[in-house]
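Notes for the one structure printed next.
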Amino acid sequence: MKKMIKTLCLTALLIIANGAMAQSDTIVSVKPFKHLDLNITTGTTGLGIELATPISDMFSVRAGYSFVPKFHHNMDFAIQVGEEAESKWDENGNRVETKFDRLAKRLEEVTGMTVDDNVRMIGEPTFHNWHLLVDVRPFRNKSWHLTTGFYFGPSDIAKAYNSTEEMQTLMGVNLYNNIYDKVLNREPIYGDIYLSPWEGIGEQLIQYGRMGILVGEFANQYKTDSDGNIMKDADGNPIRKTYFMEPDADGMVKATMKVNSFKPYLGFGYGGRISKKSDEYYISFDCGVMFWGGKPDLITHDGTNLSKDVIIARGDVKSYVDLMNKFCVYPVINLKLTKRIF
């Protein structure tokens, strides 16, 4: 990535140098800070405001702030029991009872809590940045400009969290997993009451497995036997640990999308006066890329990085993570309206 940025910057400098030599005989001197412009921007960086001023006949500088307005995007994730995914439907399209259905009924009978097999999470952008950009106009046609500079803002650019309607389901998941762990570790589930892992309800729980959102397998963590040896499959390959995303102690499921705080920018643009009779208003566009340090990290509430630590197996989680992993740089396309202050 660093080599790519250096190459792009070097290319831009060569273009600037060639343009400067080509127009060296037609340079018109511009007094630094002769004008001050107020820019209103909209585009992939969100809504923004800038102040811009020329510093020479070829260079101008602009500084400002932009933010993506908050909006909500709903994402649904399936909850299941055990490591093996079960189909809810038979070959004729009829609904069939799964392990989750049976356990949900039992939980409702014992605790009165209704547990759903789907959790809705709300995605919300938190993307906002300050920026400092330099426009370079090396060509005879001053409507075109090259731009370099940087954006700077919080590393957290988006978050996802479960809706309040899912709290009961997630608390039910925690309750079940707590009982499961106590049976597995031969601990009393309440007072001096035990459930045997070899018979009755305790045995059924052990056979069912834990409850949660099955995301995939850990990339570098493997299952071990009682002696601490790494378990292997029939072909002799290490068996990776399964990653279930489970609620935290507050019954919440959360994730945060992170990139670098410092984000270099390289792009180009075109603009001009709205009216040939007035220098007061201008309109232009900018197009380029923001380098935010490779593919984003997606960190869950338990500290797992879904972009690096986990091999995503299937389902909605995989589709969302695969989409985010494609954006190693952030495309910038902005429309700008300018009002000349003086």
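For the sequence shown, the numbering used here assigns the number 86 to the initial residue and increments by one for each residue that follows.
Every residue, glycine too, gets a C-beta built ideally from N, C-alpha and C.
- Residue state for V195 is assigned as helix, using DSSP reduced to three classes.
- With 16 or more other Cβ atoms inside 10 Å of its own Cβ, M206 counts as buried.
- Assignment of K244 by DSSP, reduced to helix, strand and coil, places it in the strand class.
- In this structure, the alpha-carbon of D364 lies about 13 Å from that of G356.
- Short of 8 Å from the beta carbon of I324, and not among the five residues preceding or following it, lie these beta carbons of its own chain, in chain order: Y307, K308, I315, M316, K317, D318.
- In this structure, G208 is the residue among L188, G208, D407 with its C-alpha nearest to the C-alpha of H157.
- DSSP assignment within the stretch 324 to 407 yields no whole alpha helix (DSSP H) run of 4 residues or more.
- In this chain, N177 is not harboured by any beta strand (DSSP E), its DSSP state being neither H nor E.
- With a cutoff of 8 Å on beta-carbon distance, I384 and A340 are scored as near each other.
- Judged by their CB atoms, S392 and V406 are nearer to each other than the 8 Å cut-off.
- Taking a contact to require three or more Cβ pairs closer than 8 Å, the stretch 256 to 266 and the stretch 189 to 202 qualify as touching.
- For E302, the enclosing beta strand (DSSP E) stretches over residues 296 to 307.
- Under the three-state reduction of DSSP, E288 is assigned to helix.
- Boundaries of the alpha helix (DSSP H) harbouring N259: 252 to 269, taken from the DSSP string.
- Taking a cut-off of 8 Å for Cβ pairs, the stretch 167 to 182 and the stretch 131 to 150 do not touch, as fewer than three such pairs fall below it.
- Annotation for M252: G336 place their beta carbon closer than 7 Å to its own, counting only its chain and skipping 5 residues before and after.
- From the listed residues M342, T389, N124, I397, the smallest Cα separation to A243 is found for M342.
- Taking a cut-off of 8 Å for Cβ pairs, the stretch 216 to 234 and the stretch 184 to 192 do not touch, as fewer than three such pairs fall below it.
- Contact annotation: L420 and T233 have beta-carbon atoms that are not nearer than 8 Å.
- Following the DSSP letters along the chain, one finds P273 in no beta strand (DSSP E), marked with neither H nor E.
- Here S151 is buried: its Cβ has 16 or more other Cβ atoms, across all protein chains shown, within 10 Å.
- By the neighbour-count definition (other C-beta atoms within 10 Å, threshold 16), S228 is an exposed residue.
- Beta-bridge pairing by DSSP links E209 to K244.
- The C-alpha of N226 is placed about 13 Å away from the C-alpha of D142.
- A direct Cα-to-Cα measurement between T423 and R147 gives close to 12 Å.
- L269 and I286 have their C-alpha atoms spaced approximately 12 Å apart.
- Taking G276 as reference, the option from K267, T126, F329 with the minimal CA-CA separation is K267.
- DSSP places P139 in the uninterrupted beta strand (DSSP E) bounded by 131 to 139.
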